Ligand SMILES: *[C@@H]1O[C@H](CO)[C@@H](O)[C@H](O)[C@H]1NC(C)=O
């Protein structure tokens with residue numbers, strides 16, 4: 646276990662691109678599998694394959710290039726540089742990533758109007774991201790010890806991927822729709838099954 650934790654950052658350093666692709670594939674397919682599990686019913690592997698395809702084809706590469714660009718433009722970990730990076734990421738990177746997810750999924754699922762989900766859910770999802778990512782990034786840099794940051798970022802990315810997949814399949818992109826769903830789920834689990 647301990648070896649694994651050290652092997653991952655080392656692999657990421659030596660083979661940044663393949664590690665990135667694997668990481669994104671794992672985060673998104675894991676997120677989709679989790680939200681499907683929570684929804685109950687049979688696992689839809691076709692759906693998970695679509696999610697993984699979008700993550701590998703687009704998000705892994707986009708983030709790889711985008712984060713490097715940001716780091717080159719605004720280097721360092723000084724509060725000002727971090728704040729500027731968070732701001733750029735939220736105004737430029739996030740909308741692109743959210744749009745690509747909805748449109749990419751619609752294309753892979755062969756929907757008639759590939760922009761419908763995007764039109765209906767983009768603003769909600771973008772606003773949810775605005776409530777989530779700056780908070781994650783700032784806590785990352787202010788409170789999380791350096792050696793836990795990779796794991797923390799991975800966990801937060803996983804939760805976000807789970808939320809995105811839920812929004813795409815059943816939610817409307819608001820955090821509220823996800824929490825309402827979870828609450829209903831929890832209260833259903835407390836109540837004994839009806840006869
Ligand atoms: C957290 O900090 C590390 C650097 O210590 C950085 O590589 C990573 O991208 C940050 N994660 C987030 C979500 O800001």
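In this note's numbering, the protein residues as written are 646 to 840. Backbone N, C-alpha and C fix where the C-beta goes; we use that ideal spot for every residue, glycine too. Values in this document were obtained by computation on a predicted structure and should not be read as measured data.
The DSSP-derived three-state label of residue 734 is helix.
A residue is called buried once 16 or more other Cβ atoms fall within 10 Å of its Cβ, and residue 776, having fewer, is exposed.
A Cβ-Cβ distance of about 18 Å is found for the pair residue 672 and residue 816, leaving them out of contact under the 8 Å criterion. Here residue 795 carries a helix assignment [DSSP, helix/strand/coil]. Residue 789 carries a coil assignment under DSSP once its states are collapsed to helix, strand and coil. Measuring C-alpha to C-alpha distances from residue 716 to each of 748, 756 and 729 identifies 729 as the nearest. Taking the Cα of residue 767 as reference, the smallest distance to any Cα among 812, 684, 657 and 651 is reached at 812.
Around the beta carbon of residue 747, 16 or more other beta carbons lie within 10 angstroms, which makes this residue buried. Remark: the shortest separation between the CB of residue 801 and any heavy atom of ligand 1 falls under 7 Å. With distances taken between CA atoms, residue 744 lies nearest to 765 out of 680, 733, 731 and 765. Collapsing the DSSP output to three states places residue 680 in a helix. Residue 735 has its Cβ no nearer than 7 Å to any heavy atom of ligand 1. In this structure residue 771 touches residue 739 by the C-beta definition: roughly 6 Å separates them, less than 8 Å. Within 10 angstroms of the beta-carbon of residue 692 lie 16 or more other beta-carbons, which makes it buried.
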